[in-house]
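> Protein chains in written order, with the numbering used here: chain A, 1 to 138; chain B, 1001 to 1138.
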């Protein structure tokens, strides 16, 4: 039988009070997880640089929200490790950055999928919100 | 030295011709991957049921786009396996579905994170586009 807890808290999250988590417990005392995060409400913008919000971190994936003002960027970079990431544009416009100074349009609904080891980045041309998912988590 | 191929093709994708992939090869002949998918252009809607687009599938995660007309849904379900998923609302409004007929608002930028083993679903109240990420892939 399940027991529903209609509040709560994921200790891995940085803004636990503002996450809406529905935590449940299964038969054998094993915990299960389901939660909802309002990224547009929780994620802010910064004058000096993009703002970062940790949405979720687990052994399976890490989910981050990056918010940019026009002109701000996540500079092109890579890590020499196994795994892939996605960058999803939630709002606003910009360009995805690839190696050799390549640039590709980034509009709402556009998704970049990349090996973590492949150079990648993003630059905003308007106020812009993206969601980044990294699997396995770094 | 890298060799850039400014064309295409991921054999795991269902619409290879319409994916914009920048495929590169590293020194040792090992392939690296980076690609861009325009989900709003590629994903369609169906009169009878939601439409599904495979955006990416790899050993690390599977990414799917589900598009709904108002009233259509991904019925509540679960799989008794390890892993977690995220459902990100890209456009439109609806409700996330949880067990015991629970419902939670789903608006642009809202993210549901759930164990794959935990009952979850989504129902659209307007035309709606979401992106689902499953790690590890089912």
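Glycine residues also receive a C-beta, built at the ideal position from the N, C-alpha and C atoms.
By Cβ distance below 8 Å, which residues in the same chain neighbour residue 111 of chain A in space, the five residues on each side in sequence not counted?
Excluding positions up to five away in sequence, the list reads 86, 87, 88 and 89.
> Would you call residue 1103 of chain B buried or exposed, if buried means 16 or more other Cβ atoms sit within 10 Å of its Cβ?
Exposed, since its Cβ has fewer than 16 Cβ neighbours within 10 Å.
> Per DSSP, residue 1128 of chain B forms a beta bridge with which residues?
In the DSSP output, where bridge partners are listed per residue, residue 1128 of chain B has B:1068.
> Under 7 Å: does the beta carbon of residue 1063 of chain B sit that close to some heavy atom of the ligand SAM?
Ligands in the displayed structure: none, and consequently the ligand SAM is not present.
> If you reduce the DSSP assignment to three classes, tell me which class residue 104 of chain A lands in.
The answer is strand: DSSP assigns residue 104 of chain A an E or B state.
> For residue 42 of chain A, name the three-state secondary structure that DSSP assigns.
Three-state DSSP puts residue 42 of chain A in a helix.
> What do you reckon, are the CB atoms on residue 129 of chain A and residue 43 of chain A nearer than 8 Å?
The answer is yes: Cβ separation under 8 Å.
> Residue 134 of chain A and residue 98 of chain A - do their beta-carbons sit closer together than 8 Å?
The answer is no: Cβ separation not under 8 Å.
> Let me check one thing: in DSSP terms, what residues is residue 1077 of chain B bridge-paired to?
Paired residues: B:1120.
> Please list the partners that residue 1033 of chain B has in chain A, where partner means a Cβ-to-Cβ separation under 8 Å.
Within chain A, the residues near residue 1033 of chain B are 84, 113, 114, 115 and 118.
> With residue 92 of chain A as the anchor, note down where its beta strand (DSSP E) starts and where it stops.
Neither: residue 92 of chain A is in no beta strand (DSSP E) and is coded neither H nor E.
> Classify residue 48 of chain A as helix, strand or coil using the three-state DSSP reduction.
Three-state result, residue 48 of chain A: coil.
> Would residue 121 of chain A and residue 77 of chain A qualify as a contact pair, given that the criterion is a beta-carbon distance under 8 Å?
Yes, the Cβ-Cβ distance between residue 121 of chain A and residue 77 of chain A is below 8 Å.
> DSSP puts residue 1098 of chain B in a beta bridge; with which residues?
DSSP lists B:1120 as partners of residue 1098 of chain B.
> Check whether chain A comes within 8 Å of residue 1074 of chain B, counting only Cβ atoms and requiring the distance to be less than that.
No, its Cβ sits nowhere closer than 8 Å to a Cβ of chain A.
> Using the beta-carbon of each residue, which ones in chain A are nearer than 8 Å to residue 1125 of chain B?
Ordered by position in chain A, no residue passes the 8 Å Cβ test against residue 1125 of chain B, which lies about 16 Å from the chain.
> Of all the residues that make up the stretch 45-62 of chain A, which are near chain B by a beta-carbon distance shorter than 9 Å?
Answer set for the stretch 45-62 of chain A: 55, 56, 58, 59, 60 and 61.
> Taking only beta-carbon positions, decide if residue 1037 of chain B is within less than 8 Å of chain A.
So, interface residue.
> Applying the 10 Å Cβ sphere with the 16-neighbour rule, what's the burial state of residue 22 of chain A?
Any reading at residue 22 of chain A must be qualified, since the residue scores a pLDDT of 46, below 50, and its modelled position is unreliable; the value itself is stated next. Result: buried.
> Could you give the first and the last residue of the continuous beta strand (DSSP E) run that contains residue 1113 of chain B?
Note, residue 1113 of chain B: beta strand (DSSP E), 1110-1115.
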